[in-house]
Structures are given as C-alpha cells and as structure tokens.
Amino acid sequence: MRIALIASLAALACSSPELPAADEFGDRRYSVALEAPSALSVGQAGSLDLAVRPKAGRHLSTEFPTRLELRTDGGITAPGRLEKSEAKRLDEKAIDYAAPLHAEAPGKATIHGTLQVGVCTGDLCERVELHFEREVQVR
Numbered sequence: 076m077r078i079a080l081i082a083s084l085a086a087l088a089c090s091s092p093e094l095p096a097a098d099e100f101g102d103r104r105y106s107v108a109l110e111a112p113s114a115l116s117v118g119q120a121g122s123l124d125l126a127v128r129p130k131a132g133r134h135l136s137t138e139f140p141t142r143l144e145l146r147t148d149g150g151i152t153a154p155g156r157l158e159k160s161e162a163k164r165l166d167e168k169a170i171d172y173a174a175p176l177h178a179e180a181p182g183k184a185t186i187h188g189t190l191q192v193g194v195c196t197g198d199l200c201e202r203v204e205l206h207f208e209r210e211v212q213v214r
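Numbers 76 to 214, taken from this note's numbering, label the letters of the sequence shown in order.
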C-alpha cells in the first residue's frame with residue numbers, strides 16, 4: 076500500500092471488506108486521519124473516512140470553502156466531490172468526511188484525493204490543500 080501526501084498552502088461487502096488501513100499525517104497546524112479498506116470484492120461497498128483536527132491554539136474555519144475531491148483509477152468508484160454541507164461533522168474542532176466507495180472491476184485501484192480546509196489562529200486563517208492517494212485491491 077502506498078500513500079503519498081503533499082501538504083501545501085494553495086493561496087494560502089459480498090464479504091466484509093478487509094480491515095481498513097489507517098494513516099495519520101499533518102503538520103504543526105492540524106492532524107489528519109485517513110481510513111479506507113485495503114481490499115474490496117467486486118460489487119462490495121466501502122468507505123473512505125477522513126478526519127481533520129486542529130492542533131492546540133488553532134481552530135478550523137467554518138466559513139472557508141471546504142471540500143473533498145476524489146478521483147479514481149481502476150475498478151472503484153467514489154463521488155467526485157463532497158461539499159462542506161456533505162461533511163459528517165464540520166465545526167471549529169473537527170471536519171469529518173465519509174466518502175462511499177464501490178468496487179466495480181478486479182485489479183488495483185487508486186483513489187486520489189484533495190481536501191481543502193481553512194486552519195485559523197485567532198482571526199487569521201489560511202487555506203490548506205491536502206493531497207493524498209490510497210490504493211485498494213479489488214478482487
């Protein structure tokens with residue numbers, strides 16, 4: 076399994092899925108937990124779960140454009156874009172998304188994701204764009 080993360084400022088199932096593979100990353104401003112199944116069977120559903128938490132002395136903006144964009148390669152489908160209104164939780168302490176996945180064809184599939192959030196200290200907020208990849212084996 077490979078996960079690539081580039082954190083940058085951009086202007087500022089049939090059978091049960093295998094146990095989710097979890098990754099945690101972030102920087103001095105925030106932490107991110109990413110969880111998704113490492114394998115699914117054709118026809119099976121799963122979920123990519125993403126949780127963002129601000130570090131001490133910071134909060135998440137509920138005003139900034141917040142969205143999760145997903146693109147897939149291989150035999151898996153996911154929603155192309157989840158807006159802030161589709162987050163499971165969105166407040167100053169947490170942003171949580173659960174993106175549905177569906178296995179369509181056997182082989183290695185890659186989910187490419189971009190999450191845009193605002194991370195703030197007091198009244199000063201900066202836009203953060205996180206990029207990640209997750210591989211899922213479809214059997």
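Just so it is clear, CB atoms sit at the ideal spot from N, CA and C, and this is done for glycine as well.
Alpha-carbon to alpha-carbon, A120 and P61 = Within the shown structure, residues of the chain are numbered from 76 to 214, placing residue 61 beyond reach of any answer.
Closest residue to T67 among I151, V203, L205, D166 (Cα-Cα distance) | There is simply no residue 67 to check, as the chain begins at 76 and stops at 214 in what is shown.
In whole angstroms, what is the alpha-carbon distance linking R77 and E210?
-> Within the sequence shown, residue 77 is the residue found at index 2, counting from 1. Within the sequence shown, residue 210 is the residue found at index 135, counting from 1. Caution applies to R77, whose pLDDT of 32 falls short of 50 and renders its modelled position unreliable; the model cannot decide the point.
Which stretch, first to last residue, makes up the beta strand (DSSP E) that contains Q191?
-> To locate residue 191, count along the sequence shown from 1; it is residue 116. Where Q191 is concerned, the enclosing beta strand (DSSP E) stretches over 182-196.
With distances taken Cα to Cα, identify the nearest neighbour of E158 among V107, D98, L143.
-> In the sequence shown, counting from the first residue as 1, residue 158 sits at position 83. Checked all of V107, D98, L143; the closest Cα to E158 is L143.
In its own chain, which residues sit with a C-beta less than 6 Å from the C-beta of R164, not counting the 5 before and 5 after it?
-> What you label residue 164 is simply residue 89 of the sequence shown in a count that begins at 1. Apart from the 5 residues on each side of it in sequence, R164 sits with its Cβ closer than 6 Å to the Cβ of D171 in its chain, given in chain order.
Apart from the five residues on each side of it in sequence, which residues of its chain come closer than 6 Å, Cβ to Cβ, to E99?
-> As a working note, residue 99 is residue 24 in the sequence shown. Excluding residues within five positions, the ones whose Cβ falls inside 6 Å are A108.
Counting only beta-carbon atoms, is G182 nearer than 9 Å to chain D?
-> The structure shown has no chain D; it contains just one protein chain.
Can you tell me the Cα-Cα spacing of L123 and D148, whole angstroms?
-> Indexing the sequence shown from 1 puts residue 123 at position 48. Indexing the sequence shown from 1 puts residue 148 at position 73. Cα to Cα, the separation comes out at about 15 Å.
Buried/exposed call for A131, threshold 16 Cβ in 10 Å | The residue you call residue 131 lines up with position 56 of the sequence shown. So A131 ends up on the exposed side.
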